[in-house]
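Trainee: Please find one structure pasted underneath; my questions will follow.
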Amino acid sequence: MISRYLLLLASLGLAPFLFGQSVDPLVTGSADAVVQAAAPATEEEATLDSGNTAWMLTATALVLFMTLPGLALFYGGLVQSKNVLSVLMHCFAIACLASIIWFAVGYSLALTPGNEDGWIGGQTAFFLQNLSVDSLNGDHPETVWIMFQMTFAIITPALIVGAFVERIKFSAVLLFSALWLVVVYCPVCYWVWGGGWLAERGVIDFAGGIVVHATAGASALTLAAMLGRRHGFPRSLKPPHNPGMVMTGAAMLWVGWFGFNAGSAAAADTSAGMAMLVTHLSAATASLVWMFVEWRKTGKPGLVGIVTGTIAGLATITPASGSVGPLGAIIIGASAGLVCYYACGFVKEKLGIDDSLDVAAVHGVGGILGTLLVSYLGWKGELGGLGINADNWQDQLVVQAQGCLAAIALSVVATYIIVKVISALTGGIRVSDEEETKGLDQAAHGENGYSLS
Amino acid sequence: MISRYLLLLASLGLAPFLFGQSVDPLVTGSADAVVQAAAPATEEEATLDSGNTAWMLTATALVLFMTLPGLALFYGGLVQSKNVLSVLMHCFAIACLASIIWFAVGYSLALTPGNEDGWIGGQTAFFLQNLSVDSLNGDHPETVWIMFQMTFAIITPALIVGAFVERIKFSAVLLFSALWLVVVYCPVCYWVWGGGWLAERGVIDFAGGIVVHATAGASALTLAAMLGRRHGFPRSLKPPHNPGMVMTGAAMLWVGWFGFNAGSAAAADTSAGMAMLVTHLSAATASLVWMFVEWRKTGKPGLVGIVTGTIAGLATITPASGSVGPLGAIIIGASAGLVCYYACGFVKEKLGIDDSLDVAAVHGVGGILGTLLVSYLGWKGELGGLGINADNWQDQLVVQAQGCLAAIALSVVATYIIVKVISALTGGIRVSDEEETKGLDQAAHGENGYSLS
Amino acid sequence: MISRYLLLLASLGLAPFLFGQSVDPLVTGSADAVVQAAAPATEEEATLDSGNTAWMLTATALVLFMTLPGLALFYGGLVQSKNVLSVLMHCFAIACLASIIWFAVGYSLALTPGNEDGWIGGQTAFFLQNLSVDSLNGDHPETVWIMFQMTFAIITPALIVGAFVERIKFSAVLLFSALWLVVVYCPVCYWVWGGGWLAERGVIDFAGGIVVHATAGASALTLAAMLGRRHGFPRSLKPPHNPGMVMTGAAMLWVGWFGFNAGSAAAADTSAGMAMLVTHLSAATASLVWMFVEWRKTGKPGLVGIVTGTIAGLATITPASGSVGPLGAIIIGASAGLVCYYACGFVKEKLGIDDSLDVAAVHGVGGILGTLLVSYLGWKGELGGLGINADNWQDQLVVQAQGCLAAIALSVVATYIIVKVISALTGGIRVSDEEETKGLDQAAHGENGYSLS
Amino acid sequence: MKLIKSIIKPFKLEDVKDALSEIGIEGMTVIEAKGFGRQKGHTEIYRGSEYTIDFLPKVVIEVAVPDDIADKVIETIVKAAKTEKIGDGKIFVIPVEQAVRIRTGEQGEVAL
Amino acid sequence: MKLIKSIIKPFKLEDVKDALSEIGIEGMTVIEAKGFGRQKGHTEIYRGSEYTIDFLPKVVIEVAVPDDIADKVIETIVKAAKTEKIGDGKIFVIPVEQAVRIRTGEQGEVAL
Amino acid sequence: MKLIKSIIKPFKLEDVKDALSEIGIEGMTVIEAKGFGRQKGHTEIYRGSEYTIDFLPKVVIEVAVPDDIADKVIETIVKAAKTEKIGDGKIFVIPVEQAVRIRTGEQGEVAL
Ligand SMILES: Nc1ncnc2c1ncn2[C@@H]1O[C@H](COP(=O)(O)OP(=O)(O)O)[C@@H](O)[C@H]1O
Ligand SMILES: Nc1ncnc2c1ncn2[C@@H]1O[C@H](COP(=O)(O)OP(=O)(O)O)[C@@H](O)[C@H]1O
Ligand SMILES: Nc1ncnc2c1ncn2[C@@H]1O[C@H](COP(=O)(O)OP(=O)(O)O)[C@@H](O)[C@H]1O
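Top to bottom, those sequences are chains A, B, C, D, E and F.
Residue 1092 is where the first sequence ends in our numbering, and the numbering goes up by one at each step.
Residue 1092 is where the second sequence ends in our numbering, and the numbering goes up by one at each step.
Residue 1092 is where the third sequence ends in our numbering, and the numbering goes up by one at each step.
Residue 113 is where the fourth sequence ends in our numbering, and the numbering goes up by one at each step.
Residue 113 is where the fifth sequence ends in our numbering, and the numbering goes up by one at each step.
Residue 113 is where the sixth sequence ends in our numbering, and the numbering goes up by one at each step.
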């Protein structure tokens, strides 16, 4: 099983030849905004636009809402009742920790001008030391930009929670998330949105197909493979303890995703409007496709299924939401529903990896899929595409693939190393059998999920 | 019982003589915005306002939040625990389906210029084919307007779920909602907001008393009567399985309704501000009135009661929220609390129709009540009314009644036909007795609401 | 125990000598906006800014969301399952009641120009009688300002619910909240934000450390002491019945608090941006500090603990969120986590007061702590402080202390009197032993929290 | 006295209760349970993975009755609970040596 | 040995447990149940419609004891659980032929 | 016939079920319970205050078996449920006078 997995990774790694090419630089959405952030000094004339600021404040609230409580509930409902609190705790603690790290070093490393090679950002904004209340990022306050991007740095490690639920030590969760954020998230974010080497090649990743979903997915798979399967996997697991909680979380993710994608326009403008529209259409399409596939395959359309489709549709449109039109969104949504559905089975049944809540299959595969599809679907004139200026979509596809591969490679390697290091520090990142059986709520947190009488 | 019901409908139908009159055209709120949408070509000078766009993006997120998860939880908590997932599934699937239909044909039929008679919109925007990223609707992007209105097209069929819970086939839910959206919602939306015949007569429906609540309510009653009662109705039903879930949903509906009503101003302006204020005051008043009535009648003020009052107050102020002032809102709220409370008893006890979650009594009656009350309460100078320009309120009342009756008539007739058609297609829209007893969660979706141990 | 408590209060009262001093007046954030509201006539040139209006509409929705359902769930999950609905009902009914009171007299008394002494606002806006749809408050509609501030008037009495859960009569809840709002909240709000005597002395309370948290905390402690302990306090109480519900509510409070604090800038500007950033950093820091303290003291980091830390961090930054920078926020958050953690133990173990959900220890202590800390941390140039113009921070500290003491004094005295009056009216504000044992859900509301089978 | 312990399908509870009431049984105690038997469990499928549910929801009804009417009670329960599909459940009859009504302290058959 | 099975009002559980502890009973097993008896159910009203709740929450306490202290245990339970209002519940005494402590395999009264 | 009532730790349920299946037991009924015994409860701490949890989650398994295999069943359960830590639980053997299969009306040992 492990060998199969290594094979898969190797085959992904087989494409380094791609790494030599480049297309015309093009700057869209977030990247645009970041570049401005990176060079505020050059825009003396910049003034604050209250409308854009209003939307960015709102978008920030929406994206925080995605993690707290959205993702927490989405994940919490999928596990057994004896582990529900531990999952909520993971998401919550990661959110807090990531915020502090973002403040201390993350923002600086990810989004401020860095070294010439384009590998990592600068150190001048550590602890936000030079931040003035009046600094602007484009036409909204830099404080808002820091906050908006912080919510991305919060949700990305929180996504990985799905890989290790029900069997990991809480201390390992904290250590892993902290290191991962600095070692994986910040660099990739810099490459794509901070003006780094991928941005220079013209990679398109409007709201985080590479930065958020590919990194989280690849890391999740690696971590899950290293951590091992839950007892009972795959044949005698208990079903999701609270599908209504799953749906509640998914609905919040959907609503919050409007802030994620439309907020990545960094303004309340036509780009934000189109991003919201295509985001929604992709989510709706993927949900229905997943539902019908499941209906056909199992005889019954399930609630957990349809909302998983939603998340797949949302993850997949994310990188593309600044470049495609409505028709493109429908195609992306339909692909997401189909491909991610089968990816779930593939990871669990074929690879035999207990990526427990399907982070790799839904987020990873979805994010990569969208990142690749955007090259064609975003092509100007094709199916309502809006955004691509490269000479032909094939060139763009190559750049997109480079982006995915680079992110995956870093994620896999860094995750492997981080886990090894943490294992040494914590005496193994997995709880004892007894604790796993007892449930993490009691074993790790001393609390009970439900005391209904 | 059926005969009684037909009598009721007939008596409503007795007023066709009203259909000849008209008042001075007046254009308020949404209608205004739509007219602009309908004729963007004529406003070459239109530019985007980032503040208004920010608010419309936000309002869209809020209205989606009303359905997902708001309405879903509100309804889900009211049924038995063995059917909770089916209700969440209904709301979720309808939301997805309605989105795709809105994209494919709905927006075009409901909100773009149509035939001369004013009965239905045009076909030029099918599949949003000519939508450009830069098209504006007034001073915000047309994409945003499409999305905002889409969330209305999502919640309206989802409201009807309350009529058929715990006993309907899932396939019937999908078919019914899809057809209903095209055959009932789109035309009525066009009549009122798309520049159709009711708009021309000057009907006032700021945010959907007619378009949303009257259509949903009348259709719900018709469908419930055709579908038949749940086993055990009315004497041995089980109480709502999770009033806390009901309250959570109601609270989300309340918050989201700010987007619904204040968003219908299509701008972040004084009209939006007043809409939010009156919406809130009506909700608060109706909640308290319902609570005190219940306290008096049953000896105990209940949580399900107070939040039902909230929804009644919100539905009732909806059509009036662009035209009344605070005092008018209090009167509307108080009427809503009283009238809808008694309407619940009337439908279930007197008519004997198992409109299970009181869609007709709360939304239908509320929406109609508000649509009628606005003629007087919106009257300029009367009780802080702001909006009515007609010569006298009686004339306006006639137009308002016309609007309600037309919407009800179409809803009843179309629902009747749709149900007949679907029944034929699905071999009866009702599940078997055994499935009803087992609960739809297991029977239709193969899932369990709560596995708490 | 009571005597100990009186001692505590007395010692707080020992500082009246402070009440003679003053610092240079300074006007920040909310206060600023209010002053504008108070004198719209003088700003003939004021025009509406759609961006600021968009943000204030959004912020209003966010703050309502804090109470409904945020706070309700936060509190509801902490009690026993037999009382969960009663807590939700308390929060919901208070929200409705406070809205009506705000409409009737509250806004006028709290935020419109009043008597010369600066003790209470005017009566000209009773029932919002002179409100026109076009009145502006600064550059957003007055209607929006009324609504935004209404949501503060909603959450403040709702915070006090935590003091009296599981044993109070519902009628007493209504009466207490109504009277308290008029007698405590409105005056203190006027003192600080309405241009009253504390505003004149230059007190800093950006978003409600004094107005909201100190008043609620002091009143909660007084009420809890008068009401007496729950059966079984402190040794044989049952643990929180649903920590997941607590976390869901806390997460909503966090998100909503962005509206609370950043909305208090009354504009989508750099002040709002910084307020959001420092609010978030304080919350994240306090959460982690609380978690680590608990981990150390009890061996296990709990979910209820970490989210209580969040609320402590949010309450503490509230008054300071217009004046401190990121570093200051971290310090405030860390102090909040530490101090409030120990305050919980102090109130329950040392004072022996069953302030059941720790309103005084978390909100009261947090609000006061932040109000005092801002004098130093907001000091220009110190640790990124932005806001204080007084000659030295010691002077400002004196004013801040005055503000706290005045608010506490009024809260304690007024609460004492109100409770005495209500006790007489309701024949004792506490339910019978039998009802307490049965649980308030059944006893007072005739409903059942969970009917899962 | 006998304690008649019946394990039945949950949705039959109302029917059994009504049938017992009809023959004059005024008291019973009901407990939720999970059953394992010839009626095998089922699988639920989430995201393409199968989850096996071994235990099916059942309800246990306990009625204490005087010896002489035990047979009638059993008969009544069988009739009311039967669906003739596998999994209908069992009835076990257990001897009761003493019964006490807590409210009054009454003992023996009068306490039932 | 006897199994003393008591059906009581839920809020009396603590009292009964404490009373039993006092007379030296060190173990018991508690099960949630719903009771149907002379104490009729109640109605709840939602949106003006009545819902009848037939079954009331009860708690079943099972204690296995040596024969000789059975009467004392019963007495203790009656005293602790009594409210003298209808619905206080019942105690049934059932013979136990064997008892085993799983941890040690001990059998008979020592296993209790 | 005997009713073998075992009170075990919840996480041992699967093991016990499997062990019983292996020796040919085809039916059993499982009930959630809370136990009080020598294995004392624990405290949970929220916001610095201690909450005592007296009752620990347990599971009751009831299996009715013919007299002759009762001992084997007991043995099997003991073996499967044992962790040798305090709180492993008890087994009580109770006489069953009659058994009925509701589906068929069959009586006696064939009904098990
Ligand atoms: N030997 C037994 N002891 C205790 N309970 C049993 C026994 N056999 C069956 N049961 C209970 O009866 C239920 C129904 O039994 P099952 O074998 O599925 O069908 P049937 O009753 O139709 O033979 C089981 O789910 C279980 O709860
Ligand atoms: N014959 C019986 N068999 C089993 N349980 C019974 C029986 N009669 C009563 N009970 C249980 O005892 C409870 C109390 O009985 P009830 O008749 O209401 O009042 P009382 O115990 O005061 O006579 C019932 O709710 C039920 O759980
Ligand atoms: N006398 C008894 N009657 C009924 N149940 C008992 C009795 N003694 C113990 N139990 C049950 O057995 C469980 C385990 O007992 P305990 O005394 O904690 O440990 P052990 O079984 O190892 O001696 C208890 O939690 C309780 O459910």
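Virtual Cβ for every residue (Gly too), placed ideally from N, Cα, C.
Could you check if Leu997 of chain C is buried or exposed, using at least 16 other CB atoms within 10 Å of its CB as the buried criterion?
Mentor: In the sequence under discussion, the amino acid at residue 997 of chain C is Asp, which differs from the Leu named in the question. It counts as buried.
Trainee: Please list, in chain order, all residues of the same chain as Gly941 of chain C whose beta carbon is under 7 Å from its beta carbon, the five residues on each side excluded.
Mentor: If we look at Gly941 of chain C and ignore the five residues flanking it on each side, its Cβ neighbours are Glu933.
Trainee: What residues in the region 954-985 of chain C have a beta carbon less than 8 Å from any beta carbon of chain A?
Mentor: Gly964, Pro965, Leu966, Ile969
Trainee: Would you mind listing the alpha helix (DSSP H) stretches within the region 1027-1079 of chain B that are 4+ residues and don't spill past its ends, in chain order?
Mentor: 1032-1065, 1072-1077
Trainee: What three-state label does DSSP hand Leu770 of chain C in the structure shown?
Mentor: coil
Trainee: Within 7 Å of any Cβ in chain B, is that where the Cβ of Val885 of chain C sits?
Mentor: no
Trainee: In whole angstroms, what separates the C-alpha of Phe845 of chain B from that of Ala999 of chain C?
Mentor: 44 Å
Trainee: Could one say the Cβ of Tyr1089 of chain B lies closer than 7 Å to chain E's Cβ atoms, at least one of them?
Mentor: For Tyr1089 of chain B, the answer is no, since every Cβ of chain E falls outside 7 Å of its Cβ.
Trainee: Ser1086 of chain C CB to nearest chain B CB: under 7 Å?
Mentor: A quick correction: the sequence has Glu, not Ser, at residue 1086 of chain C. Yes, contact with chain B.
Trainee: Does any heavy atom of ligand 2 sit closer than 6 Å to the C-beta of Val64 of chain D?
Mentor: True, at least one ligand heavy atom lies under 6 Å from that Cβ.
Trainee: Any beta carbon of chain A sitting closer than 7 Å to that of Ile46 of chain D?
Mentor: With 7 Å as the cut-off, Ile46 of chain D counts as an interface residue toward chain A.
Trainee: Can you list the residues of chain D that Val31 of chain F reaches, using a CB-CB cut of under 8 Å?
Mentor: Against Val31 of chain F, the close residues of chain D are Ala34, Lys35, Gly36, Phe37, Phe56, in the order they occur along the chain (beta-carbon pairs closer than 8 Å).
Trainee: Under 8 Å, with one C-beta from each stretch per pair, do the region 91-105 of chain E and the region 92-109 of chain F reach the 3-pair mark?
Mentor: yes
Trainee: Quick one: is the Cβ of Gln719 of chain A within less than 6 Å of any heavy atom of ligand 2?
Mentor: no
Trainee: Using the C-alpha atoms, what's the distance from Leu866 of chain A back to Phe803 of chain A?
Mentor: 7 Å
Trainee: So which residues of chain E does Asp997 of chain B contact, with C-beta pairs closer than 7 Å?
Mentor: Taking the beta carbon of Asp997 of chain B as reference, the chain E residues within 7 Å of it are Arg48, listed in sequence order.
Trainee: Based on Cα-Cα distance, which residue from A:Ala857, A:Met913, A:Asp1034, A:Leu736 lies nearest to Glu781 of chain B?
Mentor: A:Met913
Trainee: What does the alpha-carbon distance come out to for the pair Leu21 of chain D and Val74 of chain D?
Mentor: 7 Å
Trainee: Use the C-beta contact count for Val111 of chain F: other C-beta atoms within 10 angstroms, 16 or more gives buried, fewer gives exposed.
Mentor: Exposed, since its Cβ has fewer than 16 Cβ neighbours within 10 Å.
Trainee: Is Met29 of chain D close to ligand 2? I mean its beta-carbon at under 6 Å from any heavy atom of the ligand.
Mentor: yes
Trainee: Flag Gly36 of chain E as yes when its Cβ comes closer than 6 Å to any non-hydrogen atom of ligand 2, and as no otherwise.
Mentor: Because some heavy atom of ligand 2 lies under 6 Å away, the Cβ of Gly36 of chain E counts as near it: yes.
Trainee: Could you check whether Thr790 of chain A and Thr699 of chain A sit closer than 7 Å to each other, using their CB atoms as the reference points?
Mentor: yes
Trainee: Could you tell me if Gly709 of chain A is buried or exposed, where buried requires 16 or more neighbouring beta carbons within 10 angstroms of its beta carbon?
Mentor: buried
Trainee: I need the DSSP call for Glu682 of chain A, collapsed to helix, strand or coil.
Mentor: In this prediction, Glu682 of chain A has a pLDDT of 45, which is less than 50 and means its spatial position is unreliable; what the coordinates show is noted afterwards. Coil at Glu682 of chain A, not helix or strand.
Trainee: Determine the DSSP secondary structure at Thr957 of chain B, reduced to helix, strand or coil.
Mentor: Thr957 of chain B carries a helical assignment under DSSP once its states are collapsed to helix, strand and coil.
Trainee: What does Gly1077 of chain B touch in chain D if you count any residue whose Cβ is under 8 Å from its own?
Mentor: In the sequence under discussion, the amino acid at residue 1077 of chain B is Lys, which differs from the Gly named in the question. Neighbours of Lys1077 of chain B on chain D, chain order: Phe12.
Trainee: Starting from Val61 of chain F, trace the beta strand (DSSP E) both ways and give me its first and last residue.
Mentor: 57-66
Trainee: Between the alpha carbons of Val823 of chain C and Ala1053 of chain C, how many angstroms are there, rounded?
Mentor: Their backbone Cα atoms lie some 7 Å apart in a straight line.
Trainee: Exposed or buried, Glu1086 of chain C, counting other C-beta atoms within 10 Å across all chains shown (16 or more means buried)?
Mentor: Per the 10 Å Cβ criterion, buried.
Trainee: Kindly indicate which residue of A:Arg874, A:Glu988, A:Ala1040 has the alpha-carbon position closest to the one of Leu837 of chain A.
Mentor: A:Ala1040
Trainee: So is Gln99 of chain E in contact with chain F if we call contact Cβ pairs under 7 Å?
Mentor: yes
Trainee: Can you determine whether any heavy atom of ligand 1 sits closer than 6 Å to the C-beta of Ile992 of chain A, and answer yes or no?
Mentor: no
Trainee: Could you spell out where the beta strand (DSSP E) holding Met119 of chain D opens and where it closes?
Mentor: Outside the shown range of chain D, which is 2 to 113, sits residue 119 of chain D, and nothing can be said about it.
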